[in-house]
Amino acid sequence: MGWYTYLDDNLNLPFQAIWDGENLEVVAMSSEDECEQEMRVDVRYAEGDNQDVFSVSLSEIDPVDTDETTTEAVNDWKYWVKRGYDFSDGEDDQFF
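Counting from 484, one number per residue, gives the positions in the sequence shown under this note's numbering.
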């Protein structure tokens with residue numbers, strides 16, 4: 484899976500992000516199985532003493548104060564999605 488490998492190699496984890504108006508920490512790529520239809524990341528959300536780790540769509544997060552490589556990788560994925568591409572058409576997921 485080209486996108487999964489590209490993102491796994493270029494997202495410098497962990498990093499801070501905003502999702503649904505909430506500050507959270509991106510801690511890992513979600514499993515390859517979870518990324519068969521879209522790229523997803525595991526995030527840690529903390530509120531007081533409570534913490535939860537769950538998976539969200541990478542296209543729905545906005546990195547905060549990340550390095551250039553991470554920002555570029557997230558933006559590359561968002562660009563691909565905005566162009567209307569997806570994995571459902573059975574075509575290869577090449578992005579170059």
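Think of the CB as a built atom: it goes at the ideal place given N, C-alpha and C, for glycine as much as any other residue.
Fair warning: this is a prediction, and the values are worked out from it, not measured in the lab.
Check whether residue i and residue j have beta carbons under 8 Å apart
i      : j      : result
THR549 : ASN493 : no
VAL524 : LEU541 : yes
TYR528 : GLU555 : no
Exposure of residue i, with buried meaning 16 or more beta-carbon neighbours within 10 Å
i      : result
PHE498 : buried
PHE579 : Per-residue confidence for PHE579 stands at a pLDDT of 46, beneath the threshold of 50, marking its modelled position as unreliable; the derived number appears in the next sentence. Burial call: exposed.
ALA500 : buried
VAL536 : exposed
VAL557 : buried
Length of the line joining the Cα atoms of residue i and residue j
i      : j      : result
SER571 : LEU496 : 28 Å
GLU508 : TYR487 : 19 Å
TRP560 : ASP532 : 33 Å
GLN520 : VAL539 : 13 Å
MET522 : SER513 : 8 Å
VAL547 : ALA511 : 16 Å
TYR489 : GLU517 : 16 Å
TYR568 : ASP491 : 20 Å
Paired residues, beta bridge with residue i - DSSP
i      : result
LEU507 : ALA500
VAL557 : Paired residue(s): none; VAL557 is not in a bridge.
ASP535 : TYR528
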